[in-house]
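Undergrad:
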Amino acid sequence: MVLDINPKDVKFYEYGFLETDSLNQLPDAVKNYRGSETKQLLKRDINSSNNANFYRVSDYFVFPSEDPIKWTLSHETKQIDTYKVQKATTDFGGRKWTAWFAPDIQINEGPYKFRGLPGLIFEISDHEGHFHYKLVKNKKFSKTQSTDNFLETYYGQAPTKISMAMYNKLFLDHYNDPFAWARAAPEGRWTIKIGDKEYKTKADLKEATENSKKAMRDSYNPIEKNNAVTLK
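Residue numbers (my numbering): 14 to 245.
(1) Please look up how many angstroms separate the CB atoms of I137 and F76, rounded, as I've assumed it's under 8 Å.
(2) Kindly confirm or deny that the region 187-197 and the region 85-98 touch, where touching means at least three C-beta pairs closer than 8 Å.
(3) According to DSSP, is W84 helix, strand or coil?
(4) Enumerated in chain order, which unbroken segments of the alpha helix (DSSP H) with a length of 4 residues or greater are wholly contained in the region 169-234?
(5) Take N63 and list the residues in its own chain whose beta-carbon comes closer than 8 Å to its own, dropping the five residues that flank it on each side.
(6) Between V15 and F25, what straight-line distance do the alpha-carbon atoms span, to the nearest angstrom?
(7) Decide if N66 is buried, meaning its Cβ has at least 16 other Cβ atoms within 10 Å, or exposed.
(8) Closest by CA to D209, which one among A221, E237, S71, A178?
(9) Once DSSP output is grouped into helix, strand and coil, what is the label at F144?
(10) Locate the beta strand (DSSP E) running through A241, then write down its first and last residues.
(11) Considering only the beta carbon of each residue, do F105 and P172 sit closer than 8 Å?
Structure below.
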């Protein structure tokens, strides 16, 4: 993941997007289109807790969220590389979190939506051990790096503005009928692969749908549990 801190805004996205975008800029490159594996694509103004959340579910969407975080500071400290970091805890998204921030680096940002501490967050994890972010590398650029091709747009496709409630509905619609596009297309023009099995006919779509739903249920672990939807 990349925490991209700029003079006017902060962005959070997967490093693979940068790699794909660089390859796409090469002369005569065959364009590649990458999707998010984490569903953690964000952008916010600097010094703000108001996030733009980007998601792709059959189409590209963005919805706003207000995410103020109330921290409890501890006197406990430890060393990460050459930096002395201080402990802080919070409840966010239905999970309890422990963060370690560096007071010597006066940047009050961190991964995902975590921000507002008096120093850069070096490490943060939830108490269940499902999510763990740790700073592994820092790089300073002379100018802001463009993310227009994969964040603000999906390779040129501008996002449709929606609400979180609408996003949850679209997510459930996709869960319940993930292959609606195949149902509307002629056989022979598509193949669906789930695990080691391939589905090529419309008669196969019921089984493919059930297998897809099971896979989604098994892997569904949203970072913000309080905004989770029920998958049946």
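Yeah, the Cβ is synthetic: ideal placement off N, Cα and C, and Gly gets one too. Just so it is clear, the structure is predicted and the values come from calculations on it, not from any experiment.
TA: By the coordinates alone:
(1) The beta-carbon separation of I137 and F76, rounded to 24 Å, does not stay under the 8 Å limit for a contact.
(2) As far as the Cβ criterion goes, the region 187-197 does not touch the region 85-98, which means the pair count is below three.
(3) Here W84 sits in coil by DSSP.
(4) Along the length of the region 169-234, whole alpha helix (DSSP H) runs at least 4 residues long occupy 177-189, 193-196, 218-232, reported in chain order.
(5) Counting only Cβ-Cβ distances below 8 Å, and skipping sequence neighbours, we find R57, P77, S78, E79, D80.
(6) Using only the alpha carbons, I get a separation of about 6 Å.
(7) Here N66 is buried. Its C-beta has 16 or more other C-beta atoms within 10 Å.
(8) Closest by alpha carbon: A221.
(9) F144 carries a coil assignment under DSSP once its states are collapsed to helix, strand and coil.
(10) Unbroken run through A241: none, as it is neither H nor E.
(11) If you check the CB distance, F105 and P172 do not come in under 8 Å.
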